[in-house]
Amino acid sequence: MHRPAGFFRQYVSNPSKTGAIAPSSTALASCMLTGLPLADADVVVELGPGSGALTRHLIEQVGENTRILAVEINPTFAEQVAERYPRVEVVNGDAIHLDGLLRHRGLNGTPVIVSGLPWAAFETGLQGRLLDAVARSLRPGGCFVTFAYWGMHRFKKGRLFREQIESRFSRVERTGLVLRNLPPAFAYRCWR
Numbered sequence: 060m061h062r063p064a065g066f067f068r069q070y071v072s073n074p075s076k077t078g079a080i081a082p083s084s085t086a087l088a089s090c091m092l093t094g095l096p097l098a099d100a101d102v103v104v105e106l107g108p109g110s111g112a113l114t115r116h117l118i119e120q121v122g123e124n125t126r127i128l129a130v131e132i133n134p135t136f137a138e139q140v141a142e143r144y145p146r147v148e149v150v151n152g153d154a155i156h157l158d159g160l161l162r163h164r165g166l167n168g169t170p171v172i173v174s175g176l177p178w179a180a181f182e183t184g185l186q187g188r189l190l191d192a193v194a195r196s197l198r199p200g201g202c203f204v205t206f207a208y209w210g211m212h213r214f215k216k217g218r219l220f221r222e223q224i225e226s227r228f229s230r231v232e233r234t235g236l237v238l239r240n241l242p243p244a245f246a247y248r249c250w251r
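First residue of the sequence shown? That's 60 in the working numbering, and the numbers climb one at a time after it.
Written as structure tokens, this is what we have:
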């Protein structure tokens, strides 16, 4: 369901969990994944894959033996990603339990976490708990990458989100604006 109409239906039915009106574009996926150590990673985690727009690009860039774990709270999206991408281990669950999900699978953290979570749709406390789960799950020297829609970073939740990532990671970089996305967005790369 990379079709915008199907994605939009999921947004309308539960905007606080879907958080986007359309799937991420190829341009945004490229922006997010550029420079990540994907080919050498033993495991890569994707949070909130939605319909799998970013997942496809991950599969193309990871190593042959890299394990991909996707955590999706929306059961419709989880089922679609699992059917479309059999190489990906899809968990229909909450990213707030990421460290436990990894341990349950015999994984001692991950070097890369990419996120499509709708941060602007979350209250600040939930943002913090999710970021704590990410920080606990990321190995030393690892990278967490997520995106934000242009303009949202100027609102209180967006500013607080930036403060929260800066307080949890040793280095935070913001990419340039990706205009070929609906709506335009940029990525944060956060290094532990």
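From the three backbone atoms N, C-alpha and C, an ideal C-beta is built for every residue, glycine too. Small disclaimer: the values here were computed from a predicted structure and weren't measured.
CB of residue i within 9 Å of CB of residue j, strictly
i, j, result
"Leu-189", "Leu-176", "yes"
"Ala-154", "Val-140", "no"
"Val-193", "Leu-157", "yes"
"Val-150", "Thr-125", "no"
"Phe-245", "Trp-209", "yes"
"Glu-131", "Gly-159", "no"
"Arg-227", "Asp-191", "yes"
For residue i, the nearest candidate out of the options (CA to CA)
i, options, result
"Ala-207", "Ala-137, Thr-234, Arg-195", "Thr-234"
"Val-147", "Gly-184, Pro-108, Ala-81, Ser-174", "Pro-108"
"Glu-24", "Gly-111, Ala-81, Gln-120, Arg-164", "Residue 24 falls outside the range modelled here, since the chain spans only 60 to 251, and no answer is possible."
"Tyr-144", "Leu-117, Leu-238, Gly-165", "Leu-117"
"Arg-164", "Asp-191, Leu-113, Glu-138, Val-104", "Val-104"
"Gly-184", "Gln-223, Arg-213, Leu-160, Gly-159", "Gln-223"
"Glu-119", "Ala-88, Phe-136, Asn-133, Gly-152", "Ala-88"
"Ile-127", "Leu-166, Asn-133, Pro-134, Thr-135", "Leu-166"
"Gly-187", "Glu-225, His-212, Met-211", "Glu-225"
"Met-211", "Val-231, Pro-243, Glu-232, Thr-135", "Pro-243"
N- and C-terminal bounds of the alpha helix (DSSP H) containing residue i
i, result
"Gly-159", "157 to 163"
"Leu-185", "183 to 196"
"Glu-222", "215 to 227"
"Lys-112", "Before going further, note that residue 112 is Ala rather than Lys in the sequence given. Here the alpha helix (DSSP H) through Ala-112 covers 112 to 120."
"Leu-92", "85 to 92"
Opening and closing residue of the beta strand (DSSP E) in which residue i lies
i, result
"Ile-172", "169 to 174"
"Ala-129", "126 to 131"
"Phe-245", "244 to 250"
"Arg-233", "230 to 233"
"Leu-106", "102 to 106"
"Val-140", "Not the beta strand (DSSP E): Val-140 falls in the alpha helix (DSSP H), residues 134 to 143."
"Glu-148", "148 to 151"
Whole-number beta carbon distance between residue j and residue i, since they are thought to touch under 8 Å
i, j, result
"Thr-199", "Arg-251", "Correcting the residue identity first, residue 199 is Pro in this sequence and not Thr. Between Arg-251 and Pro-199 the Cβ distance is about 6 Å, and since that is below 8 Å, they are a contact."
"Cys-202", "Arg-248", "6 Å"
"Thr-205", "Ser-229", "With 8 Å as the limit, Thr-205 and Ser-229 do not qualify as a contact, their Cβ atoms being about 16 Å apart."
"Ala-179", "Lys-216", "6 Å"
"Ala-81", "Leu-238", "At roughly 14 Å, the Cβ-Cβ gap does not stay under 8 Å, so Ala-81 and Leu-238 are not in contact."
"Leu-113", "Met-91", "7 Å"
"Val-121", "Ala-100", "6 Å"
Can at least three beta-carbon pairs, one atom from the segment 91 to 108 and one from the segment 170 to 186, be found at a separation below 8 Å?
yes
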